[in-house]
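Input: a single structure, listed below in structure tokens.
Numbering (our numbering), first residue to last: 7 to 249.
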């Protein structure tokens, strides 16, 4: 049974300001929850419709009905469990290897997918501008499918970060060097832009290396690629160049 106070608290965690105030976030689904438990994220409480998660103490676990789970879920079709976790302390930024940087990426699904891509391609550090969607947004957490446990995410003043990093910085633009022909290093910062506007004009001025994914369509009417799709192509090319 979920109490009214518990419903009120969990529902409030759908909002960024409440997540920050309580230093809590929610994760849903057996895989996502288990990934966070395995990564030693600190569990506040687990709500489940099944007799599962046997390693979780009964004091931190409540068996609930599907109806109760629907009341607290952020999903249109709730999974079998929802967990409330404590936000971990922010880790120091990893300043070596390949780093992905996001300039005001707003869509939770895009951010979650990009985190999965970072995990897949062995990118350990994701840098986000302060205008980028919150990593603990329930839709982001859901879209990461557990990759949130393995990628270090930092929110910074992206202009300052790009201006001061010692790594080469690459930006994705409609007019740049063909990525399939470019010489790509094993270390660097790869900046991906906003869904509608791309990389901001202020940031564009300080990015020295411009890359583009060429269009092959005969008519070439497509304006741009989805940012997560573009990230997949770019990371694939950087990793292929290092083989």
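Every residue, glycine too, gets a C-beta built ideally from N, C-alpha and C. Because the structure is a prediction, the values reported are computed rather than measured.
Checklist entry - alpha helix (DSSP H) containing residue 125: first to last residue? => result Position 119 of the chain shown holds residue 125. Note, residue 125: alpha helix (DSSP H), 114-126.
Checklist entry - residue 154 and residue 131 look like a contact to me (Cβ under 8 Å); what is the Cβ gap, rounded to whole Å? => result Here residue 154 refers to the residue found at position 148 of the chain shown. Here residue 131 refers to the residue found at position 125 of the chain shown. Not really, about 14 Å apart at Cβ, beyond 8 Å.
Next on the checklist: What does the Cβ neighbour count give for residue 299, buried or exposed, with the cut at 16 atoms within 10 Å?
Outcome noted: Given a span of 7 to 249 for the chain in the structure shown, any question on residue 299 remains unanswerable.
Next on the checklist: With distance defined between alpha-carbon atoms, name the residue in 74, 187 and 120 nearest to residue 247.
Outcome noted: As a first step, residue 247 must be located in the chain shown, where it is residue number 241. The shortest C-alpha separation from residue 247 is found at 187.
Item to check | Range of the contiguous alpha helix (DSSP H) that encloses residue 12 | outcome: If you number the chain shown from 1, residue 12 lands on position 6. Start and end: 10-18.
Checklist entry - Where does residue 148 fall in DSSP's three states? => result For the purposes of this step, residue 148 is identified with residue 142 of the chain shown, where counting begins at 1. It is helical.
Item to check | Three-way DSSP call (helix, strand, coil) for residue 28 in this model | outcome: For the purposes of this step, residue 28 is taken as the residue at position 22 of the chain shown. In this structure, residue 28 counts as helix in the three-state DSSP scheme.
Item to check | Length of the line joining the Cα atoms of residue 202 and residue 239 | outcome: In the chain shown, the residue the question calls residue 202 occupies position 196. In the chain shown, the residue the question calls residue 239 occupies position 233. Straight-line Cα distance between these residues: approximately 19 Å.
Checklist entry - What are the start and end residues of the beta strand (DSSP E) that includes residue 89? => result Here the question's residue 89 lines up with position 83 in the chain shown. Run containing residue 89: 87-92, per the beta strand (DSSP E) assignment.
Checklist entry - residue 122: buried (16+ other C-beta within 10 angstroms of its C-beta) or exposed? => result As a working mapping, residue 122 is identified with position 116 in the chain shown. Answer is buried; the Cβ neighbour count reaches 16.
Next on the checklist: Could you compute how far the alpha carbon of residue 167 sits from the alpha carbon of residue 116?
Outcome noted: Within the chain shown, the letter at position 161 stands for residue 167. Within the chain shown, the letter at position 110 stands for residue 116. Answer to the nearest angstrom: the Cα atoms are 22 Å apart.
Next on the checklist: Going by C-alpha to C-alpha distance, which of 84, 22, 83 and 93 sits closest to residue 51?
Outcome noted: Numbered from 1 along the chain shown, position 45 holds the residue referred to as residue 51. Checked all of 84, 22, 83 and 93; the closest Cα to residue 51 is 93.
Checklist entry - Among 196, 233 and 232, which one has its Cα closest to the Cα of residue 102? => result As a position in the chain shown, residue 102 is number 96, starting the count at 1. Closest by alpha carbon: 196.
Checklist entry - Along the chain, where does the beta strand (DSSP E) that runs through residue 216 open and close? => result As a working note, residue 216 is residue 210 in the chain shown. 215-218 is the extent of the beta strand (DSSP E) around residue 216.
Checklist entry - Got a sec: does the ligand ATP put a non-hydrogen atom nearer than 7 Å to the Cβ of residue 30? => result Here there are no bound small molecules, and the ligand ATP is not part of this structure.
Next on the checklist: If you follow the beta strand (DSSP E) that residue 301 is in, where does it begin and where does it stop?
Outcome noted: The structure shown does not extend to residue 301, since the chain is modelled only from 7 to 249, so the question has no answer here.
Checklist entry - Along the chain, where does the beta strand (DSSP E) that runs through residue 52 open and close? => result Translated into the one-based positions of the chain shown, residue 52 becomes position 46. Looking at the DSSP string, the run of the beta strand (DSSP E) that includes residue 52 is 49-54.
Checklist entry - Are residue 147 and residue 31 touching if we call contact CB-CB under 8 Å? => result The sequence position of residue 147 within the chain shown is 141, counting from 1. The sequence position of residue 31 within the chain shown is 25, counting from 1. Their beta carbons are under 8 Å apart, which means residue 147 touches residue 31 by this criterion.
Next on the checklist: Does residue 193 come out as helix, strand or coil in the three-state DSSP assignment?
Outcome noted: By 1-based counting over the chain shown, the position of residue 193 is 187. Coil, per DSSP.
Checklist entry - Which value, in whole angstroms, describes the spacing of the CA atoms of residue 214 and residue 24? => result If you number the chain shown from 1, residue 214 lands on position 208. If you number the chain shown from 1, residue 24 lands on position 18. In a straight line, the C-alpha of residue 214 is about 39 Å away from that of residue 24.
Next on the checklist: Can you list, in chain order, the residues of its chain with a C-beta nearer than 7 Å to that of residue 150? Leave out the 5 residues immediately preceding and following it.
Outcome noted: As a first step, residue 150 must be located in the chain shown, where it is residue number 144. Here the set comprises 118, 121 and 122.
Checklist entry - Between the C-alpha atoms of residue 39 and residue 57, what's the straight-line distance to the nearest angstrom? => result Position 33 of the chain shown, counted from the first residue, corresponds to residue 39. Position 51 of the chain shown, counted from the first residue, corresponds to residue 57. Cα-Cα distance, rounded: 15 Å.
Item to check | Segment contact flag, the segment 69-80 with the segment 8-25, C-beta cutoff 8 Å, min 3 pairs | outcome: yes
Checklist entry - Relative to the alpha-carbon of residue 241, which residue among 69, 208, 204 and 185 has its alpha-carbon at the smallest distance? => result What you label residue 241 is simply residue 235 of the chain shown in a count that begins at 1. Ranking 69, 208, 204 and 185 by Cα distance to residue 241 puts 185 first.
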